[in-house]
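Everything below concerns the one structure shown next.
Residue numbers (the working numbering): 19 to 360.
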């Protein structure tokens with residue numbers, strides 16, 4: 019498919035679900051190309067979130083387990099190395115220029131990386147010039163929590179619809195209500211919306227595809243960040259399972275959006291805003307009551323990699339990601355109680 023060449027993608031075990039942003043205009047809008055793209059993306063993202071195991075196993079490493087007022091949250095991390103290199107001549111210069119091969123390997127953790135540093139320097143000296151590859155490092159963090167439904171131990175028990183209504187449906191709109199750093203959400207105006215009529219993914223139904231600019235206010239003196247994303251909402255056909263996929267995209271500096279709160283037309287990117295990158299998958303899974311678990315449960319897993327860009331070194335950014343995604347669990351469940359009481 020030509021659209022795969024345009025996106026610079028070669029299928030591998032991470033596939034199209036990766037942290038590198040893709041130009042918005044290169045994402046298919048309809049037909050077979052959109053169907054192929056979403057099939058690859060949904061399956062890649064689902065396989066990726068399924069790689070999470072609890073207790074954690076390599077390539078994931080346990081960062082910490084911690085209790086909030088709703089229960090235990092487990093946070094893990096992993097490092098992925100992306101090796102990019104040009105494909106051999108394809109016969110058409112314009113296609114070759116758009117095509118890259120992508121090789122994905124699991125990288126070492128921070129300690130292993132430091133230990134191998136000296137050896138890598140020597141290895142790099144011996145690499146032939148004909149085999150030059152650009153290596154991009156993705157630092158991934160994951161979160162796992164289990165929540166009892168219909169519990170008699172709380173004033174207001176959680177139900178499945180809490181996650182469906184406030185985490186899944188209108189995901190970006192609700193995020194403005196519970197994510198403390200999110201100060202504005204713009205729905206990006208596109209020339210034509212995504213036509214899902216020809217999309218068929220075995221086992222899944224695509225509920226929504228839309229582009230957003232998510233604005234985060236960082237502590238002073240850091241400037242505001244905007245994270246342009248393609249949001250894909252998918253629900254399983256045969257069981258209660260929801261998946262929220264956020265893909266990083268590149269957008270034009272003058273692109274317009276609709277502020278979802280004021281409904282005013284706005285510039286998504288303004289002069290004082292720094293553009294960041296964000297990729298994530300969240301999976302919400304219903305587990306029926308069993309002999310050992312008297313009440314049904316919701317298993318909420320997520321994995322993310324981000325880059326706030328600007329002058330914040332990645333080493334500094336990585337220190338705070340685990341803490342922030344841990345806080346998001348309590349913030350969302352507080353939001354659910356607030357909505358229920360309204």
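We put the beta carbon where it would ideally sit given N, CA and C, even for glycine.
| query | From residue 312 to residue 207, what does the alpha carbon distance come to, in whole angstroms? | reply | Along the chain shown, one-based indexing puts residue 312 at 294. Along the chain shown, one-based indexing puts residue 207 at 189. Computed Cα separation, rounded: 47 Å.
| query | Near residue 96, which residues of its chain fall below 7 Å by C-beta distance, leaving aside the five closest residues on each side in sequence? | reply | Translated into the one-based positions of the chain shown, residue 96 becomes position 78. Contacts found: 77, 78, 79, 124, 158.
| task | Let me know the secondary structure DSSP gives residue 245 once reduced to three states. | result | Within the chain shown, the letter at position 227 stands for residue 245. Strand at residue 245.
| request: Would you please state the rounded distance, in angstroms, between the beta carbons of residue 283 and residue 47? I believe it to be under 8 Å. | output: Here the question's residue 283 lines up with position 265 in the chain shown. Here the question's residue 47 lines up with position 29 in the chain shown. Not quite, the Cβ-Cβ distance comes to about 21 Å (not below 8 Å), so this is no contact.
| How long is the line joining the alpha carbons of residue 64 and residue 71, rounded to whole angstroms? | Indexing the chain shown from 1 puts residue 64 at position 46. Indexing the chain shown from 1 puts residue 71 at position 53. If you take the alpha carbons of residue 64 and residue 71, they lie about 13 Å apart.
| field | Residue of 73, 67, 59 minimising C-alpha distance to residue 40 | value | Taking the first residue of the chain shown as 1, we reach residue 40 at position 22. Out of 73, 67, 59, 59 has the C-alpha closest to the C-alpha of residue 40.
| request: Note the first and the last residue of the continuous beta strand (DSSP E) segment covering residue 285. | output: The count along the chain shown starts at 1 and reaches residue 285 at position 267. Looking at the DSSP string, the run of the beta strand (DSSP E) that includes residue 285 is 283 to 285.
| query | How many whole angstroms separate the CB atoms of residue 244 and residue 287, which I take to be in contact at a CB cut-off of 8 Å? | reply | Taking the chain shown and counting its residues from 1, the one referred to as residue 244 is at position 226. Taking the chain shown and counting its residues from 1, the one referred to as residue 287 is at position 269. Right, their Cβ atoms sit about 6 Å apart.
| task | Report all residues from its chain with a CB closer than 7 Å to the CB of residue 195; omit the five preceding and five following residues, and keep chain order. | result | In the chain shown, the residue the question calls residue 195 occupies position 177. Hits under 7 Å: 353.
| task | Would you kindly report the start and end of the unbroken alpha helix (DSSP H) that includes residue 344? | result | As a first step, residue 344 is located in the chain shown; it is residue number 326 there, counting from the start. Element bounds for residue 344: 332 to 359.
| residue 225 and residue 251 closer than 8 Å at C-beta | Numbered from 1 along the chain shown, position 207 holds the residue referred to as residue 225. Numbered from 1 along the chain shown, position 233 holds the residue referred to as residue 251. Their beta carbons are under 8 Å apart, which means residue 225 touches residue 251 by this criterion.
| request: Give the C-beta separation of residue 349 and residue 322 to the nearest angstrom, bearing in mind that I take them to be a contact with Cβ-Cβ under 8 Å. | output: What you label residue 349 is simply residue 331 of the chain shown in a count that begins at 1. What you label residue 322 is simply residue 304 of the chain shown in a count that begins at 1. That belief does not hold up - the Cβ atoms of residue 349 and residue 322 are roughly 15 Å apart, past 8 Å.
| request: Using only alpha-carbon positions, find the residue among 263, 289, 45 that is nearest to residue 187. | output: Here the question's residue 187 lines up with position 169 in the chain shown. Measuring from the Cα of residue 187, the nearest candidate turns out to be 263.
| Endpoints, alpha helix (DSSP H) assigned at residue 193 | Along the chain shown, read from residue 1 onward, the residue named residue 193 stands at position 175. Taken as a continuous stretch (DSSP letters only), the alpha helix (DSSP H) holding residue 193 covers 189 to 196.
| said: Here's a check: name, in chain order, each residue in its chain whose Cβ is nearer than 6 Å to the Cβ of residue 180, leaving out the five neighbours to either side. | reply: Here residue 180 refers to the residue found at position 162 when the chain shown is read from its first residue. Correct list, in chain order: 354.
| said: In the DSSP output, which residue or residues are listed as bridge partners for residue 303? | reply: If you number the chain shown from 1, residue 303 lands on position 285. Bridge partners of residue 303: 259, 317.
| field | Cross-strand partners of residue 214 (DSSP beta bridge) | value | Here residue 214 corresponds to residue number 196 of the chain shown, with the count starting at 1. Partner(s): none; residue 214 has no beta bridge.
| said: So for residue 75, helix, strand or coil by DSSP? | reply: For the purposes of this step, residue 75 is identified with residue 57 of the chain shown, where counting begins at 1. Coil, per DSSP.
| field | Inter-residue spacing [alpha-carbon to alpha-carbon] between residue 98 and residue 296 | value | Here residue 98 refers to the residue found at position 80 when the chain shown is read from its first residue. Here residue 296 refers to the residue found at position 278 when the chain shown is read from its first residue. About 15 Å.
| task | Tell me residue 96's beta-bridge partners as DSSP assigns them. | result | Taking the first residue of the chain shown as position 1, residue 96 is located at position 78. DSSP, once it has assigned bridges, lists 158 as partnering residue 96.
| Per-residue burial, residue 318 [other beta carbons within 10 Å of its own, 16 or more giving buried] | Here the question's residue 318 lines up with position 300 in the chain shown. Answer is buried; the Cβ neighbour count reaches 16.
| query | Taking residue 53 as the reference, which of 68, 216, 153 has the closest Cα? | reply | For the purposes of this step, residue 53 is identified with residue 35 of the chain shown, where counting begins at 1. Ranking 68, 216, 153 by Cα distance to residue 53 puts 216 first.
| Using CA coordinates, which residue listed in 35, 81, 43, 155 is at the minimum distance from residue 332? | As a first step, residue 332 is located in the chain shown; it is residue number 314 there, counting from the start. Of 35, 81, 43, 155, the residue nearest in Cα terms is 155.
| Ordered along the chain, which non-local residues of its own chain (more than five positions away) have a Cβ less than 8 Å from that of residue 267? | Position 249 of the chain shown holds residue 267. Excluding positions up to five away in sequence, the list reads 39, 40, 41, 42, 45, 229, 246, 247, 248.
| field | Span separating the alpha-carbon of residue 278 from that of residue 204 | value | The residue given as residue 278 occupies position 260 in the chain shown. The residue given as residue 204 occupies position 186 in the chain shown. About 6 Å.
| request: Could you give the DSSP three-state label for residue 326: helix, strand or coil? | output: By 1-based counting over the chain shown, the position of residue 326 is 308. Three-state DSSP puts residue 326 in coil, outside helix and strand.
| message | For residue 197 and residue 336, what's the separation of their Cα atoms in angstroms? | response | The count along the chain shown starts at 1 and reaches residue 197 at position 179. The count along the chain shown starts at 1 and reaches residue 336 at position 318. Approximately 19 Å between the Cα atoms of the pair.
| Near residue 213, what residues of its chain come up, given a Cβ to Cβ distance below 8 Å and the 5 sequence neighbours on each side ignored? | Position 195 of the chain shown, counted from the start, is the residue given in the question as residue 213. Cβ neighbours of residue 213 beyond the five flanking positions: 47, 48, 49, 52.
| Mind checking whether residue 276 and residue 234 have CB atoms under 8 Å apart? | In the chain shown, residue 276 corresponds to position 258, counting from 1. In the chain shown, residue 234 corresponds to position 216, counting from 1. In this structure, residue 234 does not lie closer than 8 Å to residue 276 by Cβ.
| query | Does the beta-carbon of residue 68 have 16 or more other beta-carbons within 10 angstroms, so that it is buried, or is it exposed? | reply | Counted from its first residue, the chain shown places residue 68 at position 50. Burial call: exposed.
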